[in-house]
Structures are given as structure tokens and as C-alpha cells.
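Participant: Pasting a structure below so you can have a look.
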Amino acid sequence: MDFRIKWLVSVLLIFGGILFCTAQERSKPLVKHVVLIGSDGFGAYAFKKAKAPNLRKMMENGAYTLEARSVLPSSSAVNWASMIMGSGPELHGYTEWGSKTPELPSKVIGDGNIYPTIFSLIHQQLPNTKKGASYSWGGIGYLFEKNMVDIDFNGKTDEETMQKAIEFILTEKPSLTFIHFDQPDGAGHNIGHDTPEYYKEVEKIDALVGKILSALEENNLMENTVILFSSDHGGVGKGHGGKTLLEVEIPWIIYGKNINSKGKLESSVVTYDTAVTIAHLLGLKIPDFWRGKPILEAIKYEEK
66 MDFRIKWLVS
76 VLLIFGGILF
86 CTAQERSKPL
96 VKHVVLIGSD
106 GFGAYAFKKA
116 KAPNLRKMME
126 NGAYTLEARS
136 VLPSSSAVNW
146 ASMIMGSGPE
156 LHGYTEWGSK
166 TPELPSKVIG
176 DGNIYPTIFS
186 LIHQQLPNTK
196 KGASYSWGGI
206 GYLFEKNMVD
216 IDFNGKTDEE
226 TMQKAIEFIL
236 TEKPSLTFIH
246 FDQPDGAGHN
256 IGHDTPEYYK
266 EVEKIDALVG
276 KILSALEENN
286 LMENTVILFS
296 SDHGGVGKGH
306 GGKTLLEVEI
316 PWIIYGKNIN
326 SKGKLESSVV
336 TYDTAVTIAH
346 LLGLKIPDFW
356 RGKPILEAIK
366 YEEK
């Protein structure tokens, strides 16, 4: 009897290992283009008061949660790193608001001499495609492999950042474009979160998202594109980095090709799930040292 049990356990372990390895292999891509839009300091609570017709269009015709969570501390560099590195600070090592290099030694160092981001996966597995970042906060420039992107643009304003990103998308048809907007974080720090000025900046971000959507629709790119909108943190008063839900809960909205039009998601989402979901959509092999998971509830699969 003991022998049979040991044999059965061995078979199950081997079978489970095969399934795990298979899950890590490259799969069929579900989309050709992904646009990741990040808005700094955009707390999920903002939807209670701000007018955001373009983001709400994505929510209604795609999938979303307003209960996604940042990693701790709920501040900028640590969370932008987590968003594109598929792991939290305990592995990538960026632990502070303005981290330029890891304060904690990264568990893995990739070809770009930092913890591997979604850009490095695309660089290795989709070498013939374009990818890049257009960002308003200069701190983003320390968080990805500059030698692996086709655009590395630090705009002076969110409008300039958006325009450069649209030019890149329309000209190069990239597999991934990361667009970072600096607002409403500036208003949150200088004037305060949950103020009229803060919500005015939220509405400006929504308008920029609308321009991106229009550009893609007018050029027939939405037929094979997914847009994912999220943030690094929310805020209370004029600060961030705390452990309240107002600071930690962020929006996570996904819309486009092969995305379920189901509205609110039941899945628990952490910001490092973003990179893994993008990798899954692009059919990339996901490294076993990443800690995120693809949000499969949001994805629509073709029936065989």
C-alpha cells in the first residue's frame, strides 16, 4: 500500500511539473499591440467625483477593478518598477519614491543590467517588433532597459508625452508602448488629493486618454490593440506612501482586442500583475522569477 501511494505521488508531481513547464512556454499571441498608460497619483477613489467619460468607456466595454493594489510603500518608483518588472520590491530591489538604483540587491540581473522588465522579454522573444516608453516624470528613465527600446522620450508636459507616444504608435506599430503621465500627482502633492484642483487634473488625463483612443480608432489600430490603464498609487492630503486604501487602491482598466466586455472584475489584482498580463497577451514566455499572474478573467479566448 505504501509503495502504491509513493508511486501515485511521484506520478502527480511529474505531471504537475509538466503542466507548469508547459504554462511557461510561449503561447499563441492574443493581440499584436499593447498600450500601457500610467497616470501618477491617480487614486481609484477619483472615479467617485471626477468626470472621466473616456476611461468609463473603457470600463464599460472592457474589464476593470477599482480595487487593484499598489505594493508598499505606495509611492512612485517602487510601484512603476513593480508594474513593468512583474515582481515586488523584495525581488527587484527598488524600494523608495525616487529610487534610481535598487536599494536592495536585485534577485536577478538581466541583460540590461537591471531586474528584467517586460521590455526585455519583448526584446528577446519578439526581436523584430518595436517597443518603447514616453514619460513625463524623469524617474521612469531609471526603471527600464534603455538599450532595448526604440523610443525613450521624457516629455516636459503630459500633452507632449502623449503626442510623442501617438507619433511612435502610428509610425512604428510597436508591440508595446508605455505612456506615463505625471498628473494628477503634482496637484495631489502641491494642493492636495480630493480637491477640485486634483479632480481637474484627473479630467485632463481622461481627455488625453480620449485622444489616444481616437488616434488608434481613426487609424484602424484598435482592431489588434489592447489598452491597459493603471496608476502607481493614490493619496491622502498632500502625501503618499501610506497604508490606507485611499493610498493603496488604484484603477486597473483593460480594453480592446480579445478583452471581455464584462465590466467589474472579481480577481484580486496587484500592480505587478500588469507586466505578466501584457506578456500573456503578447504570447511571451513568462520568467519563473516574476511573481505576478495574468488576469485571465479579463481575457476572451476564441472557441476551438
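Residue numbers (the working numbering): 66 to 369.
Cβ coordinates follow ideal geometry from the N, Cα and C atoms, glycine included.
Specify the secondary structure class of D353 as computed by DSSP and reduced to three states.
Facilitator: Within the sequence shown, residue 353 is the residue found at index 288, counting from 1. Looking at D353 - three-state DSSP - the assignment turns out to be coil, as it is neither helix nor strand.
Participant: Shortest alpha-carbon distance to K195 belongs to which of Y180, F218, K165, T236?
Facilitator: For this step, residue 195 is matched to residue 130 along the sequence shown. Comparing Cα positions, the closest option is T236.
Participant: Look at the alpha carbon of K114 and the alpha carbon of Y207, and state the distance between them as a whole number of angstroms.
Facilitator: As a first step, residue 114 must be located in the sequence shown, where it is residue number 49. As a first step, residue 207 must be located in the sequence shown, where it is residue number 142. Each residue's Cα considered, the two are about 34 angstroms apart.
Participant: Name the two residues that bound the continuous alpha helix (DSSP H) containing N178.
Facilitator: Position 113 of the sequence shown, counted from the start, is the residue given in the question as residue 178. Unbroken run through N178: none, as it is neither H nor E.
Participant: So, helix, strand or coil for I360, using DSSP?
Facilitator: In the sequence shown, counting from the first residue as 1, residue 360 sits at position 295. Coil, per DSSP.
Participant: DSSP puts T342 in a beta bridge; with which residues?
Facilitator: In the sequence shown, counting from the first residue as 1, residue 342 sits at position 277. BP columns for T342 are empty, so no partner.
Participant: Closer than 7 angstroms by C-beta to L77: which residues in its own chain qualify, once you throw out the five before and the five after it? Chain order, please.
Facilitator: In the sequence shown, the residue the question calls residue 77 occupies position 12. The predicted model places L77 with a pLDDT of 39, which falls under 50 and marks its position as unreliable; any figure quoted below should be read in that light. Once the five neighbours on either side are set aside, L77 has no close Cβ partner at all.
Participant: Look up I277 in the DSSP assignment and say whether it is helix, strand or coil.
Facilitator: As a first step, residue 277 must be located in the sequence shown, where it is residue number 212. In this structure, I277 counts as helix in the three-state DSSP scheme.
Participant: Is it the case that the Cβ atoms of A109 and E266 are separated by a distance below 7 angstroms?
Facilitator: Here residue 109 corresponds to residue number 44 of the sequence shown, with the count starting at 1. Here residue 266 corresponds to residue number 201 of the sequence shown, with the count starting at 1. Taking 7 angstroms as the Cβ cut-off, A109 and E266 do not qualify as a contacting pair.
Participant: At what residue ranges does the region 217–294 contain a whole run of the alpha helix (DSSP H), taking only runs of 4 or more?
Facilitator: Counting only runs of 4 or more, we get 223–237, 250–255, 261–283.
Participant: I'd like to know if the region 121–135 and the region 314–325 are in contact, where contact means that at least 3 CB-CB pairs between them fall below 8 angstroms.
Facilitator: yes
Participant: Can you have a look at T182 and say buried or exposed, based on whether 16 or more other CB atoms are within 10 angstroms of its CB?
Facilitator: Residue 182 sits at position 117 when you count from the first residue of the sequence shown. Under this definition T182 is a buried residue.
Participant: Under the assumption that I174 contacts Y180 (Cβ atoms under 8 angstroms), give the Cβ distance between them as a whole number of angstroms.
Facilitator: For this step, residue 174 is matched to residue 109 along the sequence shown. For this step, residue 180 is matched to residue 115 along the sequence shown. Contact flag correct, Cβ pair sits at about 7 angstroms.
Participant: Are the Cβ atoms of N290 and M148 separated by less than 7 angstroms?
Facilitator: Along the sequence shown, read from residue 1 onward, the residue named residue 290 stands at position 225. Along the sequence shown, read from residue 1 onward, the residue named residue 148 stands at position 83. Contrary to the premise, residue 290 reads as Thr rather than Asn in this sequence. Not closer than 7 angstroms, so no.
Participant: Nearest to D176 by alpha carbon, out of V214, A128, P239, N285?
Facilitator: For the purposes of this step, residue 176 is taken as the residue at position 111 of the sequence shown. Closest by alpha carbon: V214.
Participant: Determine the contact status of V96 and N325, defining contact as a CB-CB distance below 7 angstroms.
Facilitator: By 1-based counting over the sequence shown, the position of residue 96 is 31. By 1-based counting over the sequence shown, the position of residue 325 is 260. No; because the gap between Cβ atoms is not below 7 angstroms, this pair is not in contact.
Participant: Report the rounded CA-to-CA distance for I231 versus V100, giving the unit in angstroms.
Facilitator: Taking the sequence shown and counting its residues from 1, one reaches residue 231 at position 166. Taking the sequence shown and counting its residues from 1, one reaches residue 100 at position 35. If you take the alpha carbons of I231 and V100, they lie about 10 angstroms apart.
Participant: What is the DSSP secondary structure of H157, counted as helix, strand or coil?
Facilitator: Taking the sequence shown and counting its residues from 1, one reaches residue 157 at position 92. Helix, per DSSP.
Participant: By the three-class DSSP mapping on this structure, what secondary structure does H188 have?
Facilitator: Taking the sequence shown and counting its residues from 1, the one referred to as residue 188 is at position 123. DSSP places H188 in helix when its eight states are reduced to three.
Participant: Between R121, S332, G348, which lies nearest to K93 when the distance is taken from Cα to Cα?
Facilitator: Reading the sequence shown from its first residue, position 28 is the one you call residue 93. Nearest of R121, S332, G348 to K93, Cα basis: G348.
Participant: Taking Cβ to Cβ, would you say E210 is nearer than 7 angstroms to S240?
Facilitator: The residue given as residue 210 occupies position 145 in the sequence shown. The residue given as residue 240 occupies position 175 in the sequence shown. The answer is no: Cβ separation not under 7 angstroms.
Participant: If you measure between the beta carbons of H157 and A142, is that distance less than 7 angstroms?
Facilitator: Position 92 of the sequence shown, counted from the start, is the residue given in the question as residue 157. Position 77 of the sequence shown, counted from the start, is the residue given in the question as residue 142. Contact: no.
Participant: By the DSSP assignment, the alpha helix (DSSP H) with V313 in it spans what residues?
Facilitator: In the sequence shown, the residue the question calls residue 313 occupies position 248. V313 -> alpha helix (DSSP H) spans 310–313.
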